[in-house]
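J.: This is the structure, below, for whatever I ask next.
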Amino acid sequence: MKHLLKLADLSREEILSILNLADQLKYERKQGIFKDYLKGKKLGMIFQKSSTRTRVSFEVGMYELGGNALFLSNRDLQIGRGEPVQDTARVLSRYLDAIMIRTFAQSEVEDLAKYGSIPVINGLTDYCHPCQVLADLMTIREKKGTFKGLKLCFIGDGNNMANSLMVGAVRTGMSFAIACPEGYEPDAQLMAWAKENGSFTLTRSVQEAAADADIVYTDVWASMGQEEEKAKREKAFAGYQVNDAAMAAAKPDAMVLHCLPAHRGEEITAEVFEAHADEIFEEAENRLHAQKAVLCKVMK
Ligand code: CP
Ligand code: NVA
């Protein structure tokens with residue numbers, strides 16, 4: 002595996018292999034065992050958007066693997082003043098062993114990989130969030146023991162999370178249902194692909210999407226970069242909430258996952274969030290383990 006640009010680039014076997022390594026790394030960490038799998042390796046982390054989990058988990062992950070991570074903010078890099086990504090890629094390739102990038106356009110991540118000569122990891126774009134979904138899959142398998150026969154439902158915006166979750170569900174054999182308002186569907190090509198390759202349902206009804214679900218997933222109504230649409234989106238998404246009524250439609254032992262940050266009272270009620278806080282924060286912890294596995298796969 003050379004890069005992690007989007008989840009669809011990975012086969013089912015590659016995804017399972019990352020999850021297996023992530024489980025092993027989590028186990029070793031719990032035993033206090035830290036092996037220098039990436040001794041002396043340097044990861045550059047370009048952030049053009051805010052981050053808590055991605056930044057800290059990648060930085061700590063590199064440290065725990067015996068390497069180093071450099072936080073490269075858009076505010077300080079010349080990329081923020083218009084230096085082309087093609088040039089940035091060729092320069093950074095001469096200093097670093099891998100790059101993680103969080104940005105807006107997916108094409109920027111693809112260009113970084115195309116023009117650079119080192120592995121590139123997508124730390125979120127407007128299009129997808131593969132690192133998050135690897136941690137989500139890890140969490141689901143940890144709690145449910147399998148992916149077989151599970152239904153994953155997503156309530157809310159057909160955004161980067163919905164796009165990657167859809168791919169993750171198809172690759173692992175879970176059925177996927179999304180409830181979203183008109184005009185806020187996931188990527189059209191990905192939906193067509195999911196219909197052809199897996200079990201995919203798009204509905205306007207939260208009750209229908211959540212019916213008998215094993216995993217109920219949601220994310221913010223307005224993503225980073227959509228701050229100006231906040232008021233419009235609050236109207237459009239009213240009712241697209243993970244609340245007691247949605248949970249009553251799901252299986253009694255359904256898990257709730259959220260990539261975080263969460264907006265209580267919007268996409269999820271405070272009650273449902275707190276009732277499932279253990280799962281949600283395990284999911285956040287698993288970012289660390291899943292990304293350490295990805296780092297090992299692309300750099301070792
Ligand atoms: N879930 C996630 O990617 O969190 P951050 O935006 O804090 O990195
Ligand atoms: N959809 C959200 C995810 C944050 C991790 C965003 O892009 O802001």
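Counting from 2, one number per residue, gives the positions in the sequence shown under the working numbering. Glycine residues also receive a C-beta, built at the ideal position from the N, C-alpha and C atoms. These numbers were taken from a predicted model, which means no experiment stands behind them.
Among residues of its own chain, excluding the 5 on either side of K145, which ones have a beta-carbon nearer than 7 Å to its beta-carbon?
T.: Along the sequence shown, one-based indexing puts residue 145 at 144. Excluding residues within five positions, the ones whose Cβ falls inside 7 Å are L151 and D215.
J.: Please say whether S58 and R288 have beta carbons closer to each other than 8 Å?
T.: Counted from its first residue, the sequence shown places residue 288 at position 287. Counted from its first residue, the sequence shown places residue 58 at position 57. Yes, these two residues count as a Cβ contact at 8 Å.
J.: For ligand 1, any of its heavy atoms closer than 7 Å to the Cβ of L125?
T.: Along the sequence shown, one-based indexing puts residue 125 at 124. Checking every heavy atom of ligand 1 against the Cβ of L125, one is found closer than 7 Å.
J.: Taking 7 Å as the line, does the beta carbon of C306 fall inside it for any heavy atom of ligand 2?
T.: Given a span of 2 to 301 for the chain in the structure shown, any question on residue 306 remains unanswerable.
J.: Is it true that the CB of F35 sits closer than 8 Å to the CB of E65?
T.: Stepping through the sequence shown from its first residue, residue 65 is reached at position 64. Stepping through the sequence shown from its first residue, residue 35 is reached at position 34. Taking 8 Å as the Cβ cut-off, E65 and F35 qualify as a contacting pair.
J.: With a cut-off of 8 Å on the beta carbons, I'd call K40 and G81 a contact; round off their distance for me.
T.: The residue labelled residue 40 in the question sits at position 39 within the sequence shown. The residue labelled residue 81 in the question sits at position 80 within the sequence shown. Not quite, the Cβ-Cβ distance comes to about 32 Å (not below 8 Å), so this is no contact.
J.: Would you mind reading off the limits of the alpha helix (DSSP H) that contains Q96?
T.: Sequence index remark: in the sequence shown, residue 96 carries index 95 (1-based). Here residue 96 turns out to be Tyr, not Gln, going by the sequence shown. Per DSSP, Y96 belongs to no alpha helix (DSSP H) and is neither H nor E.
J.: For a quick check, are the C-beta atoms of T140 and E268 less than 8 Å apart?
T.: Locating residue 140 in the sequence shown gives position 139, counting from the first residue. Locating residue 268 in the sequence shown gives position 267, counting from the first residue. Result no, Cβ atoms of T140 and E268 do not sit closer than 8 Å.
J.: Just the Cα atoms here: how many angstroms apart are A195 and C132?
T.: Within the sequence shown, residue 195 is the residue found at index 194, counting from 1. Within the sequence shown, residue 132 is the residue found at index 131, counting from 1. Their backbone Cα atoms lie some 19 Å apart in a straight line.
J.: Exposed or buried, what is A70 when buried is set at 16 or more other beta-carbons lying within 10 Å of its beta-carbon?
T.: Start at 1 with the first residue of the sequence shown, and residue 70 comes out as number 69. Buried.
J.: Would you check if there are 3 or more beta carbon pairs closer than 8 Å linking the region 162-171 to the region 88-102?
T.: Too few Cβ pairs lie closer than 8 Å, so no.
J.: Tell me which residue opens and which closes the alpha helix (DSSP H) that C297 is part of.
T.: For the purposes of this step, residue 297 is taken as residue 296 along the sequence shown, with counting starting at 1. Per DSSP, C297 belongs to the alpha helix (DSSP H) from A278 to M300.
J.: Should T219 be counted as a contact of ligand 1 given a C-beta to heavy atom distance under 7 Å?
T.: Against the sequence shown, residue 219 aligns to sequence position 218. No, Cβ of T219 sits at least 7 Å from all heavy atoms of ligand 1.
J.: Quick check: what's the CA-CA separation for K236 versus D127?
T.: Residue numbering aside, residue 236 sits at position 235 when the sequence shown is read from its first letter. Residue numbering aside, residue 127 sits at position 126 when the sequence shown is read from its first letter. K236 and D127: Cα-Cα distance of roughly 21 Å.
J.: Can T204 be considered in contact with ligand 1, in the sense that its beta carbon sits closer than 7 Å to one or more heavy atoms?
T.: Position 203 of the sequence shown, counted from the first residue, corresponds to residue 204. Every heavy atom of ligand 1 is 7 Å or more from the Cβ of T204, so no.
J.: I want to see whether chain B comes within less than 8 Å of K42, judged by CB atoms only; does it?
T.: In the structure shown, chain B cannot be found, because there is only a single protein chain.
J.: Determine the closest residue to K302 out of H130, N160, M175 and L135, with distance taken between C-alpha atoms.
T.: The requested residue 302 is not part of the displayed model; the chain covers only 2 to 301.
J.: Mapping DSSP to helix, strand and coil, what is G45?
T.: Reading the sequence shown from its first residue, position 44 is the one you call residue 45. G45: strand per DSSP, three-state reduction.
J.: Quick check for students: name the residue ranges of the beta strand (DSSP E) that lie wholly in the region 154-185, counting only runs of 3 or more.
T.: Listed in chain order, they are 176-180.
J.: Going by the C-beta, is S58 closer than 7 Å to any heavy atom of ligand 2?
T.: For the purposes of this step, residue 58 is taken as the residue at position 57 of the sequence shown. S58 Cβ: outside cutoff for every heavy atom of ligand 2.
J.: What's the C-alpha gap between T53 and D213?
T.: Working through the sequence shown from its first residue, we reach residue 53 at position 52. Working through the sequence shown from its first residue, we reach residue 213 at position 212. About 33 Å.
J.: Regarding T104 and ligand 1, is the C-beta to nearest heavy atom distance less than 7 Å?
T.: Your numbering for residue 104 matches position 103 in the sequence shown. No, the Cβ of T104 stays beyond 7 Å of every heavy atom of ligand 1.
J.: Taking the alpha helix (DSSP H) that T140 falls in, what are its first and last residues?
T.: As a first step, residue 140 is located in the sequence shown; it is residue number 139 there, counting from the start. Here the alpha helix (DSSP H) through T140 covers P131 to K145.
J.: Measure the Cβ-Cβ separation of D188 and E284 and say whether it is below 8 Å.
T.: Working through the sequence shown from its first residue, we reach residue 188 at position 187. Working through the sequence shown from its first residue, we reach residue 284 at position 283. Result no, Cβ atoms of D188 and E284 do not sit closer than 8 Å.
J.: Terminal residues of the continuous beta strand (DSSP E) containing F72?
T.: Here residue 72 refers to the residue found at position 71 of the sequence shown. Segment N69 to S74, the beta strand (DSSP E) holding F72.
J.: Given a threshold of 16 other Cβ atoms within 10 Å of its Cβ, counted over all protein chains shown, does N160 qualify as buried or as exposed?
T.: The residue you call residue 160 lines up with position 159 of the sequence shown. Classification for N160: buried.
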